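Position in the sequence shown (first residue = 1) + 139 = this note's numbering. Built from N, CA and C at the ideal position, the CB exists for glycine as well. Just so we're clear, the structure is a prediction, and the values are computed from it rather than from any experiment. What follows is a set of notes on a single structure, which appears directly below.
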Amino acid sequence: MRLTIIFLSGMLALLSGKINAAERTLKIYHDSDYSNHQNSADAMRMGFLTALAEIEHDFPGVKFELIKKDHRGNSNRSLLHMRQYLKDPQALAMVGGLHSPPYIKHRKFINEQQILLLIPWAAGGPITRFPSSNNSVFRLSIDDTKAGFRIVEFAQQKMQCQRPHLLLERTPWGESNHKTMTQALGKSTTSAVTWFSWDLKQNEAKIMLRNTLESGPDCLLFVGNAVEGRAFVEAMAALPKNQRVPIISHWGITGGSFYQQVKDAINTKVDLHFIQSCFSLRDKPYTDNTQQVINTAIHLFPTQFSKPELLPAPAGFIHSYDLAKIFFTSLKSIDLKADIVELRQAVREKLEALEQPVDGLIKRYVSPFSKWSAQKSDAHEALGLEDFCMARYDTAGGISVLPN
């Protein structure tokens, strides 16, 4: 009898080992600029992992892994990650990063190869609008087909700016914003535009700013990232007070170590505002839902969340958390044992038909996505213009969101 019990115990142990060994691993690639804009990349990673920690118990027998893929701001390296994803039988989805150019440049490849791409930051308008009903890109972020309207509205109505000058990076992202901002300004407002390249040097920024101000603008509408934003803010701060004008910026500046590098300038010399989604980690007291999210994040990342209101690049955390929550909710009614290609397709279809409401940080999402068509060009956008606000840094480095 004892031998029988030992034998059965041994068999159960072996079976248990086989069950554990049979656990399916599903990977999510995070294609982001961990080298040059680490704050945004880390914030997105933490947001995704916080959502996963809250919901992973709903998927017994499945292990999810978020894989860091550093594209270093290089679209070709991003394409390499996409090719790796397609060859990986465990890769379920990709999460995009801060930069729009990789996803605009490779938009056709992404959709023709049916790469399931989730966008919590990159704002370029064309990213989610590939003309196909099999569109496989889903965004929960600022959308440049609308962002320019909020930026221009703030410049004209709140800042009383009558002669704006557009200062835009020469990329598909900058071109996307040029189109929207020009449309928002309308024919009654004449605005000049100055284009700049990535990795702008300080002396170049000074010369460019001096030439720009010669045309007599009363504000600058800026579209660029932290590196170039720093160059122009420092150039503006170096001018005499009577020559400075406000800078109203896209949110790319918040993705790196921008505040730490220019805090003296923006705290004392430069009037700077930028667009954000309408939720702030500074808005206390937290709701019960928000407090639960913060508690989970503190448990996972105690150092980074010692002061949640001072988290660098908070939009990355907020958007990635909300998008991951929607993503994992869509998986609950799907057979996760299916072939990976079939599984990606099933998730795409479920995201377009999700009926279960999802409580995020920004809002409650009810059917956040639908099937894309030319008549429904916002079908893969979870946020709308009503979710976009303007913001500014406070003197401690936190981001204060202003009500619309």
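message: If distances are taken between C-alpha atoms only, which option among P496, K502, G499 and T468 comes closest to V486?
response: T468
- prompt: Roughly how many angstroms lie between the CA atoms of S148 and K476, to the nearest whole one?
  reply: Reliability of the predicted coordinates at S148 is poor, the pLDDT of 47 falling under 50, and the value obtained from them is presented with this limitation in mind. Using only the alpha carbons, I get a separation of about 28 Å.
- request: Could you check the C-alpha separation between M150 and T267 for me, to the nearest Å?
  value: Reliability of the predicted coordinates at M150 is poor, the pLDDT of 46 falling under 50, and no value is obtained from them.
query: Under the three-state reduction of DSSP, which class applies to F187: helix, strand or coil?
result: In the three-state reduction of the DSSP assignment, F187 falls in the helix class, which pools H, G and I.
query: What is the DSSP secondary structure of F146, reduced to helix, strand or coil?
result: Only weak support exists for where F146 lies, its pLDDT of 42 falling under 50; the coordinates are left without a value.
- prompt: Apart from the five residues on each side of it in sequence, which residues of its chain come closer than 7 Å, Cβ to Cβ, to M347?
  reply: T333 and F335
field: Beta-carbon gap between Q415 and A454 smaller than 8 Å
entry: Between Q415 and A454, the CB-CB gap stays under 8 Å.
- prompt: What is the residue span of the alpha helix (DSSP H) that K489 lies within?
  reply: I479 to L490
field: Of the residues I457, N342 and N434, the one placed nearest F371, counting alpha carbons only
entry: N342
message: Would Y242 and I206 qualify as a contact pair, given that the criterion is a beta-carbon distance under 8 Å?
response: Here Y242 is not near I206, since their CB atoms are 8 Å or more apart.
message: For a test of the three-state rule: what should DSSP assign to L546, helix, strand or coil?
response: No answer is possible for residue 546: the residues shown for the chain start at 140 and end at 543.
query: Would you report the Cα separation of T164 and Y460, rounded to the nearest angstrom?
result: Here the alpha carbon of T164 sits roughly 21 Å from the alpha carbon of Y460.
task: Measure the C-alpha to C-alpha separation of I392 and Y173 and round it to an integer number of angstroms.
output: As the crow flies, the alpha-carbon of I392 is around 15 Å from that of Y173.
- request: Sort out for me which residues DSSP pairs E308 with in a bridge.
  value: F335
message: Within 8 Å, do at least three Cβ pairs link the segment 245 to 264 to the segment 275 to 294?
response: Yes, the segment 275 to 294 touches the segment 245 to 264.
query: Who are the near neighbours of S171 in its chain, counting only those whose CB is closer than 6 Å to its CB and skipping five residues on each side?
result: These residues qualify, in order along the chain: A180 and G236.
- prompt: To the nearest angstrom, how far is it from the Cα of W337 to the Cα of E367?
  reply: 7 Å
task: Whole angstroms is fine: what's the gap from T429's alpha carbon to M185's?
output: 15 Å
- prompt: Should F248 be labelled buried (16 or more other beta-carbon atoms within 10 Å of its own) or exposed?
  reply: Classification for F248: exposed.
field: Any beta strand (DSSP E) of 3 or more consecutive residues that is wholly inside the segment 332 to 371
entry: 358 to 362
task: Can you have a look at D227 and say buried or exposed, based on whether 16 or more other CB atoms are within 10 angstroms of its CB?
output: exposed
- prompt: Is it buried or exposed for N364, if we count other Cβ within 10 angstroms and need 16 for buried?
  reply: So N364 ends up on the buried side.
task: Find out if the Cβ-Cβ distance for the pair E494, S509 is shorter than 8 Å.
output: No, Cβ-Cβ distance for E494 and S509 is not below 8 Å.
- request: Report yes if the CB atom of A404 is closer than 8 Å to the CB atom of A436, and no otherwise.
  value: In this structure, A436 does not lie closer than 8 Å to A404 by Cβ.
task: Report yes if the C-beta distance between L439 and A192 is below 8 Å; otherwise report no.
output: yes
query: What span of residues does the alpha helix (DSSP H) with S396 cover, start to end?
result: Per DSSP, S396 belongs to no alpha helix (DSSP H) and is neither H nor E.
query: Rounded to a whole number of angstroms, what is the C-alpha to C-alpha distance between Q301 and G264?
result: The straight-line gap from Cα to Cα measures roughly 26 Å.
message: Taking its Cβ as the centre, do 16 or more other Cβ atoms sit within 10 Å of H196, making it buried, or is it exposed?
response: exposed
message: Applying the 10 Å Cβ sphere with the 16-neighbour rule, what's the burial state of D427?
response: exposed
- prompt: When we look at the beta-carbon of A160 and count the other beta-carbons within 10 Å, is it buried (16 or more) or exposed?
  reply: At A160 the pLDDT is 45, less than 50, meaning the model places this residue with poor confidence; the figure from the coordinates comes in the next sentence. The residue in question, A160, is exposed, as its Cβ has fewer than 16 Cβ neighbours within 10 Å.
field: Assumed close pair M320, G287 - CB separation to whole angstroms, cut-off 8 Å
entry: 4 Å
query: How far does the beta strand (DSSP E) with Y532 in it reach, from first residue to last?
result: F527 to Y532
Counted within 10 angstroms of its Cβ, other Cβ atoms place K326 as buried (16 or more) or exposed: exposed
message: Only counting the same chain, and skipping five residues up and downstream in sequence, which positions put a Cβ closer than 7 Å to that of L500?
response: F418, T429, V432, I457, Y460 and D461
task: Would you mind reading off the limits of the beta strand (DSSP E) that contains D209?
output: For D209, the uninterrupted beta strand (DSSP E) segment begins and ends at V201 to D209.
message: I'd like the list of long-range same chain contacts for L449, defined as Cβ closer than 7 Å, with 5 residues on each side in sequence excluded.
response: A535, G536 and G537
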